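S.K.: Before we start, here is the structure in question, set down as C-alpha cells.
Protein chains: 2
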Amino acid sequence: MSTSPGLARLPAPPYHAVIFTSQRTDGDAGYEAMAARMVELGAQQPGFLGLDSVRGPDGRGITVSYWRDEAAIRAWKQQTEHQQAQRGGRQTWYQDYSVRIAKVERAYGKE
Amino acid sequence: MSTSPGLARLPAPPYHAVIFTSQRTDGDAGYEAMAARMVELGAQQPGFLGLDSVRGPDGRGITVSYWRDEAAIRAWKQQTEHQQAQRGGRQTWYQDYSVRIAKVERAYGKE
C-alpha cells in the first residue's frame, strides 16, 4: 500500500486502476478535508494498492488509484462515506470529471 | 483527438491508456520546450485519442495519454524524437517516474 510520499510503489501487474480526472470549482467548500478523508478511508479498503494524485494551479487534477481487482473498486464505490463524497463532487466540488476503470497490463520505471 | 483545454473527451471504451507518473528534477534544462513538443508530436501519431496532464507545485506530475490500441502505443514509444526525449527524461528531467500501460474497460463522467 502506498499513499505518499513519492510515487506509488506497486506489485507487478496485472492489477486495476481508477483514473479520475477533474476540474475543481472555485473555493474550498469543505473540499480539502473531504479529499484527505477519502485518501485515508480508501487506503483502508480491502484490495487497495496505492495512489498517485496531483492537482495543478488551474484546478485540474488527476488521481489514479490502484486496486487488486474490479471487486475492490466496486466495493469502494459503494462505501457509505465515499458515496456522500461522490454526491458532493457532483453537486459542489467539480465543474467536470471523468472516471475510467482500466486493467494495468504492464509497467516499468526509471530503475 | 483532444489535447486541451478542458478534460479529454474520448470515444466509448475499450481503448488503451499510458499512465505516466513522474517527479521532476529542479530547474528547467529544456524541459518545458520538450514537453510541449511531445504533446504536439504525440497528437499527430496514428491512434492517438487524447491526453490529460497535470503537474503540481511540488514537481510531481501525472500524464495519461489515450490510444486506440497497444500497437499505437508501441509505435509512439519508438518514434525517433520521442526516444531522444525519453533519454533526456532518464538522464536529466526526472528524479523518478513510472509508466503503466492499461486497457480502459469502462468510463463515465459528470453528465
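Protein sequences, first through last, are from chains V and L. Numbering-wise, this note's numbering puts 98 at position 16 of the first sequence, and it's gapless, one number per residue. Numbering-wise, this note's numbering puts 132 at position 50 of the second sequence, and it's gapless, one number per residue. The C-beta atom is built at its ideal place from N, Cα and C for all residues, glycine as well. Being a predicted model, the structure only gives us computed values, none of them experimental.
(1) Does Thr-174/L come out as helix, strand or coil in the three-state DSSP assignment?
(2) Can you list, in chain order, the residues of the stretch 172-185 of chain V whose Cβ is nearer than 7 Å to any Cβ on chain L?
(3) Of the residues that make up the stretch 98-112 of chain V, which ones have a beta carbon closer than 9 Å to any beta carbon in chain L?
(4) What residues of chain L sit near Asp-151/V, judged by a beta carbon separation below 8 Å?
(5) Can you tell me whether DSSP reads Arg-150/V as helix, strand or coil?
(6) Looking at chain L, is there any beta carbon in it that lies within less than 8 Å of the beta carbon of Ile-155/V?
(7) Taking three-plus beta-carbon pairs below 8 Å as touching, is the stretch 136-147 of chain V in contact with the stretch 135-145 of chain L?
(8) Excluding the 5 residues preceding and the 5 following Val-136/L in the sequence, name in chain order all residues of the same chain whose CB lies nearer than 7 Å to its CB.
(9) Please compile the residues from chain L whose C-beta is within a distance smaller than 8 Å of the C-beta of Gly-88/V.
(10) I need the straight-line Cα distance from Ala-94/V to Gln-177/V, nearest angstrom please.
(11) For Leu-133/V, report the span of its alpha helix (DSSP H) as first-last.
(12) For Thr-103/L, which of helix, strand or coil comes out of DSSP?
(13) Do Tyr-148/V and Ala-99/V come within 8 Å of each other at the CB atom, strictly closer than that value?
(14) Are the C-beta atoms of Gly-143/L and some chain V residue less than 8 Å apart?
(15) Once you ignore the five residues that flank Thr-174/L on each side, which residues in its own chain have a CB closer than 6 Å to its CB?
(16) Can you tell me where the alpha helix (DSSP H) with Gln-126/V in it begins and where it stops?
M.R.: Inspection of the coordinates gives the following:
(1) Here Thr-174/L sits in helix by DSSP.
(2) Arg-172, Tyr-176, Asp-178, Tyr-179, Ser-180, Val-181, Arg-182, Ile-183, Ala-184 and Lys-185
(3) His-98, Ala-99, Ile-101, Thr-103, Ser-104 and Gln-105
(4) Per Cβ cutoff of 8 Å: no residues; Asp-151/V is ~12 Å from chain L at best.
(5) coil
(6) no
(7) yes
(8) Closer than 7 Å at Cβ, skipping near neighbours: Gly-143 and Ile-144.
(9) Gln-105 and Asp-178
(10) 35 Å
(11) Note, Leu-133/V: premise wrong, no alpha helix (DSSP H); beta strand (DSSP E) at 130-137.
(12) strand
(13) yes
(14) yes
(15) Ala-111
(16) Here the alpha helix (DSSP H) through Gln-126/V covers 113-126.
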